[in-house]
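**Student:** Quick one: structure below, then a few questions.
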Amino acid sequence: EGRDKVDEAIAALQQALTLAPESAEVRAELAGLYTRQDRPVEAMAAAEEALKRDPDNREANRIVGMIFGALADLKKPLRPGDDPSQYQARAIAALEKARRDSNDLTVLLALGRLQLRAGQHEKAAASLRRVFDEQPQFTEGAMLLSAAQEGSGAIADATATLEVALAANPSSFRGLVRLTELYERQRRWKDAAAAYARAEKANPKADLTSGRAAALMNSGAPVEARDLLMASIAKRKTPDAALLYLLAESQRQSKDFDGAAATAQTLRQAFPDDPRGLVIDAQLKLARGQKDEAVAAFGDLVKRVPDEPNFVYQYAQLLEDAGRRAEAERALRELIARAPGDANALNSLGYMFADRGERLDEAVALLERALTLEPGNPSFLDSLGWAFFRQGNVAEAEKPLAEAAALLPGSSVVQDHLGDLRYKQARYDEAVAAWERALTGDGEVVHRAEIEKKLREARSRLQKK
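What follows is the structure in structure tokens.
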């Protein structure tokens, strides 16, 4: 074979079979030769004959697994009478035998990819981990391992895997984009913004402005987002609705209300059918203290765009803040009736009840449903912990509130809830720390004076101990 005498090599192996007709090893070697010559039908036949004689033959299992694995996506039979829908399972079974006591990274990579495709996330992670440990700079393997870890619920591990891989291969655009997605899922907005910047540097032709700007705003850097958006918009020959909306939002968040209003007007003029110009107007009314006008504006948005749940969430919250509790509850219940799988709607209604201290059993049930749909969502964990706390169930409140506070260290309301729990537990030093974080956090949905009062009380308790 090494001298391009393939026919002679095949003849030699066939001659060897006449001398050792039950040899699985010779048949497996013949199958390997056919595989290298891109003759899959003959390779499969020889490998299957080898497995009839030795079901555990590693080389024959490797060949069967590799061929079936390559054909699994094609959905075309290798031979008449084959069922292609069985190829994936047969490939996995064969490769699991081939990998035994083996460090063949090619086999492990192929097996891990197939296991991932089959939804066998934990098994895939085990297979791909060995590939990653040997070759951390191999970004494709790292991305597969990260996907398997994410699928098994280990999102922190999935993120760490990509971080290590990108330290070894910092110019991988696909890896960086995938990392931004993982950061966003964990609401690690500052990290997401930095990853977007790295991705744009790795591929200057890619336009990731909107994602980066949104991450900057969510991380509490609206001025930086505004500058980024203005520079991007200035380079364009035609207006972009998404960028104009984000610019107006960044201006609103940085208290440049006149600038936001002007940008919203530009958005409405260029895209009269896009509701986002009206969204900015409604939010500006709220920011300027025009609460009744803001409620009316969001109510109009809900009617105009009934399929957009985000408008319902904001409308319900405004109604709640205005003391129109029955209307707020009705808006969310109607949304849940239309979309029972809307985890955010379930969380909004559950948190509304928890914050009121009403219907707390229903609040817990709603929030547990939300977490079933989005396991580990830190906002939902905070809501559930708060509902337990309001029930007086301090023990049950511990885990979700502590997890939420660890995942959202900059959220003032989440840290405030943890402070209340720690104070109730007489862990006054931890209550002080949580309330101090609440005061230095994003400041959203909290009353600073109330937190400062609670902080003084906790410090007083500490001095008396």
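Be aware that the sequence shown starts at 57, since it is given in our numbering, and climbs by one per residue. C-beta atoms are modelled at their ideal positions from N, C-alpha and C, and glycine is treated no differently.
1. Keeping to the same chain, check which residues put their C-beta closer than 7 Å to that of Val82; ignore five residues upstream and five downstream.
2. Mark Thr217 as exposed unless 16 or more other C-beta atoms lie within 10 angstroms of its C-beta, in which case mark it buried.
3. Considering only the beta carbon of each residue, do Leu402 and Leu429 sit closer than 9 Å?
4. Quick check on Arg446: does DSSP put it in helix, strand or coil?
5. Let me make sure I understand the geometry here. Which of Ala181, Arg146, Tyr479, Phe327 has the alpha-carbon closest to that of Met539?
6. Using a Cβ-Cβ distance cut-off of 9 Å, determine whether Leu323 contacts chain C.
7. If you run the structure through DSSP and keep just helix, strand and coil, what is Val361?
8. Would you tell me roughly how many angstroms separate the C-alpha atoms of Ala393 and Glu500, rounded to the nearest one?
9. Measure the Cβ-Cβ separation of Arg169 and Leu200 and say whether it is below 9 Å.
10. Please go through the same chain and pick out, in chain order, the residues whose beta-carbon is closer than 6 Å to the beta-carbon of Pro456, but skip the five residues on each side of it.
11. If I'm right that Gln242 touches Ile211 with Cβ under 8 Å, what's the distance once you round it to whole angstroms?
12. Residues in the same chain with beta-carbon distance under 8 Å from Val120, minus the five sequence neighbours each way, listed in chain order, please.
13. Is DSSP giving Gln519 helix, strand or coil here?
14. Buried or exposed for Leu518, going by 16 or more other Cβ atoms inside 10 Å?
15. Pull up the CB-CB distance for Glu383 and Leu391, whole angstroms please, since I reckon it's below 8 Å.
16. State the start and end residues of the unbroken alpha helix (DSSP H) segment that holds Gln70.
17. Please state whether DSSP places His177 in a helix, a strand or coil.
18. Excluding the 5 residues flanking Ala255 on each side, which residues of the same chain have their C-beta closer than 7 Å to its C-beta?
19. Within the continuous alpha helix (DSSP H) that includes Phe142, where are the two ends?
20. Starting from the C-beta of Ala387, find all residues in its chain whose C-beta is less than 8 Å away, skip the five residues before and the five after it, and write them out in chain order.
21. From what residue to what residue does the alpha helix (DSSP H) around Thr294 run?
22. Can you tell me the Cβ-Cβ gap for Ala223 and Ala204, rounded? I've got them flagged as a contact below 8 Å.
23. Does the segment 310-319 touch the segment 345-352, meaning 3 or more C-beta pairs lie closer than 8 Å?
24. Considering only the beta carbon of each residue, do Gly497 and Gly475 sit closer than 9 Å?
25. In chain order, what residues of the same chain lie with their CB nearer than 8 Å to the CB of Leu423, ignoring the 5 residues before and after it?
26. Just to confirm, are Glu305 and Pro278 a CB contact at a threshold of 9 Å?
27. Below 9 Å between beta carbons: does that hold for Asp377 and Ala353?
28. Could you check whether Asn225 and Arg186 sit closer than 9 Å to each other, using their CB atoms as the reference points?
29. Taking only the alpha-carbon atoms, compute the straight-line gap between Ala549 and Val351 and give it to the nearest angstrom.
30. Please say whether Leu238 and Ser266 have beta carbons closer to each other than 9 Å?
31. Only counting the same chain, and skipping five residues up and downstream in sequence, which positions put a Cβ closer than 6 Å to that of Glu206?
32. Taking 6 Å as the limit between beta carbons, can you name the residues of its chain near Ser202, skipping five residues before and five after?
33. Taking Phe124 as part of the alpha helix (DSSP H), name the residues at either end of that continuous run.
**Tutor:** Working from what's here:
1. Reading the sequence shown from its first residue, position 26 is the one you call residue 82. Within the same chain, Val82 has close Cβ partners Leu69, Ala72, Leu73, Ala76.
2. Walking along the sequence shown from the start, residue 217 turns up at place 161. Burial call: buried.
3. Position 346 of the sequence shown holds residue 402. Position 373 of the sequence shown holds residue 429. Yes, these two residues count as a Cβ contact at 9 Å.
4. Sequence index remark: in the sequence shown, residue 446 carries index 390 (1-based). If DSSP states are grouped into helix, strand and coil, Arg446 belongs with the helices.
5. Because the chain is modelled from 57 through 521, residue 539 falls outside the range shown and cannot be assessed.
6. Of the protein chains in the structure, only one exists, and it is not chain C.
7. The sequence position of residue 361 within the sequence shown is 305, counting from 1. Here Val361 sits in coil by DSSP.
8. What you label residue 393 is simply residue 337 of the sequence shown in a count that begins at 1. What you label residue 500 is simply residue 444 of the sequence shown in a count that begins at 1. Taking the straight line joining both Cα atoms gives about 29 Å.
9. By one-based count along the sequence shown, residue 169 stands at place 113. By one-based count along the sequence shown, residue 200 stands at place 144. Taking 9 Å as the cut-off, the beta carbon of Arg169 is found closer than this to the beta carbon of Leu200.
10. The sequence position of residue 456 within the sequence shown is 400, counting from 1. Once the five neighbours on either side are set aside, the close Cβ partners of Pro456 are Leu437, Leu440, Gly441.
11. On the sequence shown, residue 242 is found 186 positions in, with the first residue counted as 1. On the sequence shown, residue 211 is found 155 positions in, with the first residue counted as 1. About 6 Å separates the two Cβ atoms, so the contact holds.
12. Against the sequence shown, residue 120 aligns to sequence position 64. Same-chain partners within the cutoff: Met100, Ala103, Glu104, Leu107, Arg146, Ala147, Ala150.
13. Residue 519 sits at position 463 when you count from the first residue of the sequence shown. In this structure, Gln519 counts as helix in the three-state DSSP scheme.
14. Counted from its first residue, the sequence shown places residue 518 at position 462. The residue is exposed, with fewer than 16 neighbouring Cβ atoms inside 10 Å.
15. Residue mapping note: residue 383 aligns to position 327 of the sequence shown, counting from 1. Residue mapping note: residue 391 aligns to position 335 of the sequence shown, counting from 1. At roughly 13 Å, the Cβ-Cβ gap does not stay under 8 Å, so Glu383 and Leu391 are not in contact.
16. Position 14 of the sequence shown, counted from the first residue, corresponds to residue 70. Under the DSSP assignment, Gln70 falls in the alpha helix (DSSP H) whose first and last residues are 62-75.
17. Translated into positions along the sequence shown, residue 177 becomes position 121. Helix, per DSSP.
18. Numbered from its first residue, the sequence shown carries residue 255 at position 199. Counting only Cβ-Cβ distances below 7 Å, and skipping sequence neighbours, we find Phe229, Leu232, Val233, Thr236, Ala262, Leu264.
19. Taking the sequence shown and counting its residues from 1, one reaches residue 142 at position 86. Note on residue identity: the sequence assigns Gln, not Phe, to residue 142. Counting along the chain, Gln142 falls outside any alpha helix (DSSP H), and DSSP gives it neither H nor E.
20. Within the sequence shown, residue 387 is the residue found at index 331, counting from 1. Around Ala387: Val358, Val368, Tyr371, Ala372, Leu375.
21. As a working note, residue 294 is residue 238 in the sequence shown. Note, Thr294: premise wrong, no alpha helix (DSSP H); not H, not E.
22. By 1-based counting over the sequence shown, the position of residue 223 is 167. By 1-based counting over the sequence shown, the position of residue 204 is 148. Their Cβ separation, rounded to whole angstroms, is 20 Å, which puts Ala223 and Ala204 out of contact at 8 Å.
23. No, the segment 345-352 is not in contact with the segment 310-319.
24. Reading the sequence shown from its first residue, position 441 is the one you call residue 497. Reading the sequence shown from its first residue, position 419 is the one you call residue 475. In this structure, Gly475 does not lie closer than 9 Å to Gly497 by Cβ.
25. If you number the sequence shown from 1, residue 423 lands on position 367. For Leu423, where only same-chain residues beyond five positions count, the Cβ hits under 8 Å are Leu402, Asn403, Gly406, Tyr407, Ala410, Phe436, Ser439, Leu440, Ala443.
26. Here the question's residue 305 lines up with position 249 in the sequence shown. Here the question's residue 278 lines up with position 222 in the sequence shown. Yes, they are a contact pair.
27. Working through the sequence shown from its first residue, we reach residue 377 at position 321. Working through the sequence shown from its first residue, we reach residue 353 at position 297. With contacts defined by Cβ atoms closer than 9 Å, Asp377 and Ala353 do not form a contacting pair.
28. Reading the sequence shown from its first residue, position 130 is the one you call residue 186. Reading the sequence shown from its first residue, position 169 is the one you call residue 225. Going by C-beta atoms, Arg186 is not nearer than 9 Å to Asn225.
29. Nothing about residue 549 can be read from this structure; the chain reaches only from 57 to 521.
30. Stepping through the sequence shown from its first residue, residue 266 is reached at position 210. Stepping through the sequence shown from its first residue, residue 238 is reached at position 182. Between Ser266 and Leu238, the CB-CB gap reaches or exceeds 9 Å.
31. Position 150 of the sequence shown holds residue 206. Excluding sequence neighbours, Glu206 sits near Ala214.
32. Within the sequence shown, residue 202 is the residue found at index 146, counting from 1. Cβ neighbours of Ser202 beyond the five flanking positions: Ala214, Thr217, Leu218.
33. Looking up residue 124 in the sequence shown gives position 68. Residues 114-127.
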